[in-house]
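Shown next, in structure tokens, is the structure this report addresses.
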Amino acid sequence: MPSRTKTAMFGSAFFTCLCSFVVICVVLATQHWMSSEVRFLGTNSSATVSLTYGLFSGTCAQSVNAGLHLPTKAFQVADNLSNTSAKSMITAIIVILVLSLLSSLLSSGFTCTNAVSNPYQTFLGPIGVYTWNSLCGIFTLLAMILFPVSIEENSLSVELAQGCFAFLQTHVKSEHTYGYSYWIMLLIIFLNIASIIIIYFYDHARYSRKKEQERPIENAPKDVILF
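The letter at position 225 of the sequence shown is residue 343 when you use the working numbering, and the numbering goes up by one with no holes.
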């Protein structure tokens, strides 16, 4: 059976890993990654499309000449994208987040296993926790980088707006605001760092105790050496 200290430390790390897993699920499930105001100019009128969307779906509404407001429409991101590069980027972000989700799940399993037992395999111990938490954090950070790249390089909001309202003509300007579904990915990274720090402190303390027990005999008291 593991010591109380090990159970407490790995139990705490298990909690942070589990929170990370839950937050990734929220990121994938919610559709508040981006809110955009996209303005178009036509022959005799102008139109502004308001978009709120995530990786899978979103909503859009249009106002014409700053007066007439059309009903809000729901849309599927994949259906509104005709640009192959934009579709590929969104697909890549989803795959990366799924990998992050799996890494977080494995990290939770490793920390839970260590909290209730003493696994013999080295990789099932702190090394495994370091590995899976690091991968989860790297995947999440990569998703945070790729999404803005897709917004800017592929004009994602513009294409989604044109997919909602086909008669839109010349794009004039866009204003973007990142939503909570995007920003809470920072929480995932912080939770992964917290898990690594917790296990590092436990591993460092265990190593220090082990070295103390293996200290050379010349450091022992004189009466013990004479005996």
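We put the beta carbon where it would ideally sit given N, CA and C, even for glycine.
Test item: CB-CB of residue i and residue j under 8 angstroms
{"i": "T190", "j": "T177", "result": "yes"}
{"i": "L305", "j": "V141", "result": "yes"}
{"i": "S268", "j": "I208", "result": "yes"}
{"i": "Y248", "j": "I317", "result": "yes"}
{"i": "H289", "j": "F158", "result": "yes"}
{"i": "F265", "j": "Y300", "result": "yes"}
{"i": "S163", "j": "A179", "result": "no"}
{"i": "E293", "j": "S154", "result": "yes"}
{"i": "V276", "j": "V156", "result": "yes"}
Residue environment, residue i, which counts as buried when at least 16 other CB atoms sit within 10 Å
{"i": "Q280", "result": "buried"}
{"i": "N236", "result": "exposed"}
{"i": "I315", "result": "exposed"}
{"i": "L361", "result": "Summary: the structure shown does not reach residue 361, with the chain confined to residues 119 through 345, and so no result is reported for it."}
{"i": "T123", "result": "exposed"}
{"i": "S200", "result": "exposed"}
{"i": "M127", "result": "buried"}
{"i": "T258", "result": "buried"}
{"i": "S218", "result": "buried"}
Own chain partners of residue i with C-beta closer than 7 angstroms, once the 5 adjacent residues on each side are dropped
{"i": "S138", "result": "S222, C254, I306, L309 and N310"}
{"i": "K205", "result": "A196 and L199"}
{"i": "G129", "result": "A233"}
{"i": "F345", "result": "At F345 the pLDDT is 43, less than 50, meaning the model places this residue with poor confidence and gives no usable figure here."}
Chain-order list of residues whose beta-carbon lies under 6 angstroms from that of residue i (same chain, five-residue window excluded)
{"i": "D321", "result": "P244"}
{"i": "C143", "result": "none"}
{"i": "W151", "result": "G172, G297, S299 and Y300"}
{"i": "N198", "result": "L278 and G281"}
{"i": "A261", "result": "I211, I214 and L215"}
Residue i (DSSP reduced to helix, strand or coil)
{"i": "T190", "result": "coil"}
{"i": "H112", "result": "Look at the range of the chain in this structure, 119 to 345, and you will see that residue 112 is not part of it."}
{"i": "S121", "result": "coil"}
{"i": "T209", "result": "helix"}
{"i": "F133", "result": "helix"}
{"i": "L304", "result": "helix"}
{"i": "S235", "result": "coil"}
{"i": "I322", "result": "Note that residue 322 is His in the sequence shown here, rather than Ile. Reduced to three states, the DSSP call for H322 is helix."}
{"i": "S221", "result": "helix"}
{"i": "G82", "result": "The structure shown does not extend to residue 82, since the chain spans only 119 to 345, so no value can be given for it."}
{"i": "V342", "result": "Per-residue confidence for V342 stands at a pLDDT of 47, beneath the threshold of 50, marking its modelled position as unreliable; the derived number appears in the next sentence. Here V342 sits in helix by DSSP."}
{"i": "T258", "result": "helix"}
{"i": "L309", "result": "helix"}
{"i": "S62", "result": "This structure cannot settle anything about residue 62, because the visible part of the chain is limited to 119 through 345."}
{"i": "T148", "result": "coil"}
Beta-carbon contacts of residue i that lie in its chain and below 8 angstroms, excluding the five residues immediately before and after
{"i": "F132", "result": "S226, T229, C230 and A233"}
{"i": "Q287", "result": "F158, L159, G160 and T161"}
{"i": "L136", "result": "S226"}
{"i": "S252", "result": "N310 and I314"}
{"i": "T295", "result": "M152, S153 and S154"}
Supposed close pair residue i, residue j - CB separation, criterion 8 angstroms
{"i": "L352", "j": "V195", "result": "With the chain represented from 119 up to 345, any question about residue 352 goes unanswered, as that position is not in the structure."}
{"i": "S175", "j": "N272", "result": "Not really, about 18 angstroms apart at Cβ, beyond 8 angstroms."}
{"i": "M312", "j": "T134", "result": "Looking at the sequence shown, residue 312 is not Met but Ala. Indeed, because the Cβ distance is near 5 angstroms, the residues count as touching under 8 angstroms."}
Residue i Cβ short of 7 angstroms to the ligand FAD heavy atom set
{"i": "S275", "result": "With respect to the ligand FAD, the structure offers nothing, as it holds no ligand at all."}
Contact with chain C by residue i, beta-carbon distance below 8 angstroms
{"i": "F285", "result": "As a matter of chain content, chain C is missing from the structure shown, which is built from one protein chain."}
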